[in-house]
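Q: Below is a structure I'd like to ask you about.
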Amino acid sequence: MKPAGCRPIHVRSPYDATACRLLRTLYSTYSNPMRFFSTLIASVLGSLIAVGVLIFLGSLIMAGIIASAVSTSEAPISSESVLVLQLSGPIQESGTADPIYDLFDMPQPQSLNQIRTALESAATDERIEAVWLKPQGAIAGWPTLLEIRQSLLEFKESGKPIVASASGDFAMRESDYFLASVADSIYASPRAFFEFNGFYLGVSFYKGLLNKLNIEPTVLRVGSYKGGIEPYTRENLSSENRTQLTAVLENWNELMTRTIAQARDLSTEEVANLMGAGELLTTEDAHAAGLLDGLLQSEEVESRIGELTGIEGRLKTSSLSRYAPSMPRSSSSHDSTIGIIHASGTIMSGSSSDLNGILGAVSFQRDMKDFREDDDVKAVVLRIDSPGGSATASESMWQAVKETTKKKPVIISMGDLAASGGYWLATAGDTIVASPHTVTGSIGVYGMHFSIGQMLETKLGITSDHVATSDYADMFSGMRPLRPSERALFERSLNETYSTFLERVSENRDMSIEAVHEVAQGRIWTGEAALEAGLIDKLGNLDDAIALAAEMANLEEGAYRIKQLPVPETLMDQYLELFLARIQSFMESPIETQLRTEARLIEEAAQLQGTPIARLPLDIEGYD
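Take a look at the structure:
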């Protein structure tokens, strides 16, 4: 007997839809003997594949163990070595060298923490004679780049030289040159591209596409500067959004021109003219303008480093990943600890995932609780690098930080981004420290609802019908536009979330609600502007925040050790995350697979439909 009435195109309740799909699955699987045996065979094959994957994972784990053993047993760094910093690709907030990357000859992910620690060690390491800096396509925000550059400057104070070079068809762009400018000499390959033409931020708009598809958006926001909705409602930037994005670019541009002018003995006007003229396109142009010290191939740069350091013969170079395991370790006998929690990624409920760039509330609360209940941890530094995300998750994380402040000081250190939900989280701390070039603020919320019913009917010929127990049951079905009364409910929810946000800021900044509203409304601020607006306490980097935490905990300089959470995911962790998901899909029955699929769809729908979003209007990395 076939299950009746289970063929709707759309059913309001996802649980009703799940029930119908499960009935169809049960019927199609077990009503036909041949289908039953084919399902059985498929299950057996799936199990065999799973076993194969497990064997592969076992090999991977063994390789990791071998790689780790090799990295700790060998001493790859000899005297008269040169530390090579190949800065390319994403630079993460935190991380450690993973020997398994070297085992498979894969490029190591880089982190600010690794780079800073290596340069600090190399400055006093007698085995290291110089740093060979190779910045080429580093992807990071300007606060991160500035901290790396500051670490390079501190290395130079040791008297050891830094030589920067770039090779290949595309030599350098602005952010690469910003790092290279700290060097004693800068070289690049002849006849290569050299980009030195300013900054821009691009935004794509989808209003025209939605109109063509007959998708009707209902988009609400609280805050005239909250630009996250504009791609769905406009065809260009609003004046408010243009104003705030321009301010961010001007902040970056001022940093760039001032830094290059000081490094290359030029005036800021000369640097600005070089960037604005559009005449620099090749390394020959850059050399003629005084931005490069020579046009050399990599082998020639190696010879120059040898001449500069007095090293004879072929240079003995060491990458960051090879140097990290052999760095001299400073043993600390102090029990007193300053805990650092790295809060990086889009804020969501659930667990964090480095692989997916997710900052999970559950993982964060666990880390905060660990430090809160550890009597050796005398203060906590919360390092935020997040554009925000779920308002609900942001509030739950805020509560965790607030509980910790009742027992010990919590200092907020802002990285590249601490905006919207990221700033919400920051308001739970005792003191907020930010880089002058951090993007923060964005105190506002928005929500979106998309109606696809007309698109399905006019474009695909699909119609739908339903039954419901109330007029509001299909409010977020996505099959019809919101009614005025439903829109009012949606708007009320956003206003309540915004009011809570204002209260959190008001309490932390000792400002009236009205004063907070004046600097809120979704507007983003650089760290410098945020200080003037009263949204942060001090300008500084992570080291400044750590020093402040020690001071507030009455710890003398050097009389404490550092402990960091969460422990960064290794390559093996990420492979396990991917492969275990695959194994699970092989091992699950059709019913379990269906349930898991439905759960994921329900979760995604819940996040998209009618949920207050406290997130930066766009992902600001910038283009230079």
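The sequence shown begins at 282 in the working numbering and counts up one residue at a time. C-beta atoms are modelled at their ideal positions from N, C-alpha and C, and glycine is treated no differently.
Going by DSSP, name the residue or residues bridged to D546.
A: DSSP output for D546 lists no bridge partner at all.
Q: Within 10 angstroms of the Cβ of D824, are there 16 or more other Cβ atoms? Answer buried if so, exposed if not.
A: Exposed, since its Cβ has fewer than 16 Cβ neighbours within 10 Å.
Q: Just checking my contact of D406 with P606 at CB under 8 Å: how many whole Å lie between their CB atoms?
A: The pair is not a contact, with the Cβ atoms about 13 Å apart (cut-off 8 Å).
Q: Hey, which unbroken runs of the beta strand (DSSP E) at 3 residues or more fall wholly within the stretch 473-561?
A: The stretch 473-561 contains these whole beta strand (DSSP E) runs: 497-503.
Q: Would you report the Cα separation of L763 and M756, rounded to the nearest angstrom?
A: Cα to Cα, the separation comes out at about 7 Å.
Q: Within a Cβ cutoff of 8 Å, which residues of the same chain sit near E435, ignoring the five residues on either side of it in sequence?
A: Here the set comprises L400, E401, A404.
Q: Going by CA-CA distance only, name the one from K441, A461, A544, M556 that's closest to Y481.
A: Comparing Cα-Cα distances from Y481 to each of K441, A461, A544, M556, the minimum goes to M556.
Q: Helix or strand or just coil, what does DSSP make of K597?
A: Note: K597 maps to strand in three-state DSSP.
Q: Could you tell me the distance, in whole angstroms, from the CA atom of I894 to the CA atom of S780?
A: The straight-line gap from Cα to Cα measures roughly 14 Å.
Q: Please report the distance separating the alpha-carbon of Y451 from that of D457.
A: The residue asked about is misnamed: residue 451 is Phe in this sequence, not Tyr. Cα to Cα, the separation comes out at about 11 Å.
Q: Candidates I639, R768, L775, G710: which alpha carbon is nearest V726's?
A: Looking at the Cα atoms, L775 is the closest of the given residues.
Q: Return the first residue and the last residue of the beta strand (DSSP E) that R896 is part of.
A: First-last of the beta strand (DSSP E) with R896: 894-896.
Q: I think P512 touches V484, with their Cβ atoms under 8 Å apart; what is that distance to the nearest whole Å?
A: Their Cβ separation, rounded to whole angstroms, is 7 Å, which keeps P512 and V484 in contact under 8 Å.
Q: Would you mind stating whether N547 and G571 have Cβ atoms separated by less than 9 Å?
A: Reading the sequence as shown, one finds Leu at residue 547 and not Asn. Closer than 9 Å, so yes.
Q: Taking the alpha carbon of G670 as the reference point, which residue from L663, I724, T719 has its own alpha carbon closest?
A: Considering only alpha carbons, the answer is I724.
Q: Determine the extent of the alpha helix (DSSP H) in which Y458 is found, giving its start and end residues.
A: Residues 455-461.
Q: Where does A700 sit, in a helix, a strand or coil, going by DSSP?
A: Here A700 sits in strand by DSSP.
Q: Counting only the same chain and skipping the five closest in sequence on each side, list residues whose C-beta sits under 8 Å from that of L783.
A: These residues qualify, in order along the chain: I724, I794, V797, H798, A801.
Q: CA-CA distance, K740 and L494?
A: Looking at the two C-alpha atoms, the distance is approximately 7 Å.
Q: Rounded to whole angstroms, how far is the Cβ of E258 from the Cβ of R664, which I believe are closer than 8 Å?
A: As displayed, the chain neither begins before 282 nor continues past 905, which places residue 258 out of reach and without an answer.
Q: For K908, is the classification buried or exposed, using 16 other Cβ atoms within 10 angstroms of its Cβ as the cut-off for buried?
A: Past the edges of the chain, shown from 282 to 905, lies residue 908, and the structure says nothing about it.
Q: Rounded to whole angstroms, what is the Cα-Cα separation between A567 and F475?
A: Their backbone Cα atoms lie some 7 Å apart in a straight line.
Q: Mapping DSSP to helix, strand and coil, what is T719?
A: Correct three-state label for T719: coil.
Q: I need the straight-line Cα distance from S579 to K415, nearest angstrom please.
A: One C-alpha to the other measures close to 10 Å.
Q: By a C-beta neighbour count over all protein chains shown, 10 Å radius and 16 as the cutoff for buried, is I615 buried or exposed?
A: The question names Ile, but residue 615 in the sequence shown is His. The residue is exposed, with fewer than 16 neighbouring Cβ atoms inside 10 Å.
Q: Can you grab the Cα-Cα spacing for the pair E654 / L366, in whole Å?
A: Cα-Cα distance, rounded: 39 Å.
Q: If you draw a straight line from the alpha carbon of A350 to that of T538, how long is it in whole angstroms?
A: With a pLDDT of 48 at A350, under the threshold of 50, the modelled position of that residue is not reliable, and the figure given next carries that caveat. Between A350 and T538, the C-alpha separation is close to 47 Å.
Q: Restricting to Cα atoms, I'd like to know which of S462, S432, R454 is closest to V444.
A: The option with the nearest alpha carbon to V444 is S462.
Q: Taking the alpha-carbon positions, what's the D791 to D711 distance?
A: So the two alpha carbons sit approximately 12 Å from each other.
Q: Could you check if R896 is buried or exposed, using at least 16 other CB atoms within 10 Å of its CB as the buried criterion?
A: R896 comes out buried.
Q: If you draw a straight line from the alpha carbon of L589 to that of S466, how long is it in whole angstroms?
A: About 10 Å.
Q: What are the complete alpha helix (DSSP H) segments, minimum 4 residues, inside the stretch 406-460?
A: As far as the stretch 406-460 is concerned, its whole alpha helix (DSSP H) runs of at least 4 residues are 423-437.
Q: Taking the DSSP output, what are the residues bridged to P371?
A: DSSP lists I420 as partners of P371.
Q: Please report how far the alpha carbon of K687 lies from the alpha carbon of T807, in whole angstroms.
A: Distance between the alpha carbons of K687 and T807 is about 30 Å.
Q: Buried or exposed, going by whether 16 or more other CB atoms sit within 10 Å of the CB of P690?
A: Label assigned to P690: buried.
Q: Just the C-alpha distance for G821 and L501, rounded to the nearest angstrom, thanks.
A: Cα to Cα, G821 sits roughly 36 Å from L501.
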